Amino acid sequence: MEQYLVIVESPAKAKTIEKYLGKKYKVKASMGHVRDLPKSQMGVDVKNDYDPKYITIRGKGPVLKELKTAAKKVDKVFLAADPDREGGEAIAWHLAHSLNIDLDSECRVVFNEITKEAVKDSFKHPRTINMDLVDAQQARRILDRLVGYNISPLLWQKVKKGLSAGRVQSVAVKMIIDRENEIKEFKPEEYWSIDSVFHKGKQTFDAAFYGVDGKKKALRSKEDVDQILATLKGNDFLVEKVNKKERNRNPSLAFTTSSLQQEAARKLNFRARKTMMVAQQLYEGIDLGRKEGGVTGLITYMRTDSTRISETAKNQAKEYVENKYGKEFTGINKKSKNSEGAQDAHEAIRPTNALRDPQSVKSILSRDQLKLYKLIWERFIASQMASAVMDTMTVHLTNQGIEFRATGSKIKFKGFMTVYIESTDDQQKQTDKWLPDLNEGEIVKTEKITPNQHFTQPPPRYTEARLVKTMEEKGIGRPSTYAPTLDTIQRRGYIALDNKRFVPTELGEIVIQLINEFFPEIIDVAFTAKMEEDLDAVEEGHTQWIKIIDQFYQGFDKRLEKAEKEMEKVEIRDEPAGIDCEKCGHEMVYKMGRYGKFLACSNFPECRNTKPILKEIGVKCPECKDGNIVERKTKKRRTFYGCDNYPKCEFISWDKPVGRDCPKCNKMLVEKKSKKNTQVQCSSCDYKEEEQG
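Residue numbers (the UniProt record's numbering): 1 to 693.
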């Protein structure tokens, strides 16, 4: 007879944990949630304190039966669902109900990492199920059900089948639409800059116009520029002031769920969903071989909004840094800084063993696993290292009261930058730019003064990283919801990706317009953020979940009645493409799918012919000389270029042909793109042209 049964969420974890705990423990997997609200109906009794009707999830009957049988054969059952804030606690609660476990018993076990030490230690400190967390999760689930199961049928009836509305997803779509409207309504404003090249001896350096008589001045027109240039006399400028400072640059804190998704998007080109999938694999465990302890979790739990680091992990990082780089590279009293509402019981996302560097597991991990582990490991190690020290220099140059300024900086001590530098959406090249040794009172000459006209730019469309960051800043959703939310609004056809940036579709705009007319609070950012705060109050035990639900539903129910009577039916007509279907002769039309527009036959469902929309680039095929080069997409949405005579002509290129031949070998010239520049070079030899900004 087994003495203890441990229930976790996944089979992969079950095998690992059973090995850690020994023969007295039998470990089984629930495969996630076992009970939920029914899919076929609301499942919430709004007339009886919003009482939820839970049923066994379809397909989970055999799993639950196996768990019940196993539970009868042991002295005690431990519920070890993931430490996923509210979600894992709710799974444990549902299991306790299904298996008749006393809710007052210390049956809940939580571990933040799947290592032998962490797992064994967690069983020394079991606790009761946290009902505040359960209530908060239940409130979120019921709120989502009240919104989704009431508004979605309206959208099916008034717009088209298959649509949905949600507390978080609708706000995300609204944010993307608002940004698109900002871009459309943006009116560029003219402004100018004046750049100059100075020299001292053989050294040259750049400076830019700052202002007049010590005050900053904006240049809004050519007249302003001409006035400045007319005031200058000769090429001599006085070095009026030289400021030299030493500045510290601190490392970024270890990853939270949100910052991991953002950085993986920028540095690895991972979508949020992929990041979480690969992180789950690293968390649940990788077989490191018998010498290294077999299957071991390589990172701590990946759904967290805390940046706290345990003392053990800090000491490991310190040991690694000191041995690898020297004592001066170790950090001093590094403290985490949690966002408001963060659950400090969790840690940041970090390697379970800081001494296990990416090189040591390179042969064991898949390509994607290694990329993500390396990112997490480097960020964590860097977060525990010394600040970088930068020497900065600002020089004030004057001529007739006209002031130019030159700035330069160089790294004096690399510190954490030896290991890792955080990226941004608008990544700049990390280069030193130092100025000549200049002294106050000396004269330098300008070689060239160049006025430049500019126009203000509209705000950029959201990348996935920028949208996740903005949602987090505004308090919309929770770390675990970002990836599924973005996935859902794309599958529904509300938004599409254009050059890795989100654009709203016509369908998305129609749906949000209807929701805004009848349910404005659903897409109000401030309202949604306040609702998250109220749910956090439930989680912390400060308020009752029924009260929060009732406050929302009383007004929502009245608007629902009004919408059912007054919402008009919207007909979405497909836009004609101007060509006929080659299979049946009917007109082809533009349709909107998950990845944007495509061509489909108007005779659907009788004819299911679909075609991608091919974008010509104005270049003839270099292979067949007859076809045109068009832009295409792989199944993973990677852009490549091919001949429109395919399959007769099978020419393809990952790089964009420019329509010219190489002057050196007469082969095709192509554009090679980096994050900041585009360079034309030969597809065959080493010929290159100057980079374009």
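The C-beta atom is built at its ideal place from N, Cα and C for all residues, glycine as well. The structure presented is a predicted model; accordingly, all values stated were derived computationally and were not measured.
beta-carbon residue i near the ligand ZN non-hydrogen atom, thresh 7 Å
i      : result
LYS625 : By its list of ligands, the structure shown contains no ligand whatsoever, and the ligand ZN lies outside what it can speak to.
Beta-carbon gap between residue i and residue j smaller than 8 Å
i           : j      : result
ILE176      : PRO504 : yes
SER193      : PHE205 : no
ILE151      : PHE598 : no
VAL63       : MET31  : yes
ILE523      : ILE510 : no
ILE381      : TYR320 : yes
LYS620      : ASN628 : yes
residue 694 : VAL168 : There is simply no residue 694 to check, as the chain begins at 1 and stops at 693 in what is shown.
LEU288      : PRO351 : no
VAL395      : ALA406 : yes
ASP574      : LYS591 : yes
residue 780 : LYS28  : The requested residue 780 does not occur in the structure, where the chain is confined to residues 1 to 693.
VAL109      : SER98  : no
GLU190      : GLN457 : no
VAL525      : LYS469 : no
PHE78       : TYR149 : no
THR275      : LEU260 : yes
LEU372      : ALA265 : no
GLU403      : GLY211 : yes
ILE142      : ILE549 : yes
Spatial distance of residue i from residue j (CA atoms)
i      : j      : result
GLN280 : VAL6   : 20 Å
ASP580 : THR610 : 12 Å
SER480 : ALA207 : 47 Å
ALA71  : VAL34  : 15 Å
ILE515 : LYS158 : 12 Å
LYS116 : VAL295 : 10 Å
THR398 : GLU246 : 25 Å
GLN554 : LYS160 : 28 Å
GLN430 : GLU422 : Unreliable placement is indicated for GLN430, whose pLDDT of 47 sits below 50; no coordinate value is reported for it.
VAL670 : VAL147 : 51 Å
PHE640 : MET531 : 44 Å
ARG356 : ALA313 : 12 Å
CYS649 : MET417 : 49 Å
GLU521 : THR528 : 8 Å
PHE413 : GLU328 : 10 Å
ASN100 : ALA165 : 36 Å
SER683 : SER363 : 33 Å
GLU223 : ALA230 : 10 Å
ILE572 : ASP368 : 41 Å
PRO188 : LEU507 : 29 Å
One or two residues paired with residue i in a DSSP bridge
i           : result
THR398      : LEU238 and GLU403
PHE413      : VAL389
LEU5        : LYS26 and VAL77
residue 694 : Summary: the structure shown does not reach residue 694, with the chain confined to residues 1 through 693, and so no result is reported for it.
LEU219      : TRP192
MET131      : None, per the DSSP bridge assignment.
VAL44       : PRO52
HIS199      : THR204 and LYS445
ALA139      : The partner list for ALA139 (beta bridge, DSSP) is empty, contrary to what the question assumes.
PRO504      : ILE495
residue 696 : This structure cannot speak to residue 696, because the chain is shown only from 1 to 693.
ALA600      : VAL589 and THR610
GLY642      : VAL630 and ILE652
Residue environment, residue i, which counts as buried when at least 16 other CB atoms sit within 10 Å
i           : result
GLN551      : exposed
residue 710 : For the chain, the structure presents residues 1 to 693; residue 710 sits outside this window and is missing.
ALA388      : buried
PRO83       : buried
ILE228      : buried
ASN112      : buried
MET131      : exposed
ILE91       : buried
ILE613      : exposed
THR450      : exposed
GLY285      : buried
ILE495      : buried
residue 701 : As displayed, the chain neither begins before 1 nor continues past 693, which places residue 701 out of reach and without an answer.
GLY493      : buried
GLY642      : buried
GLY477      : buried
PHE198      : buried
Worksheet item: Which ranges does the alpha helix (DSSP H) cover as unbroken runs of at least 4 residues, wholly within the stretch 146–188, from first to last along the chain?
Response: Those alpha helix (DSSP H) runs which fall completely within the stretch 146–188 and span 4+ residues are 169–185.
Worksheet item: Can you list the beta strand (DSSP E) stretches of 3 or more residues lying completely in the stretch 657–688, in chain order?
Response: Contiguous beta strand (DSSP E) elements confined to the stretch 657–688 occur at 668–673 and 678–682, taking only those with 3 or more residues.
Fill in: Unbroken stretches of the alpha helix (DSSP H), 4 residues or longer, contained in the stretch 525–579
Fully enclosed alpha helix (DSSP H) runs of 4 or longer: 525–539 and 545–566.
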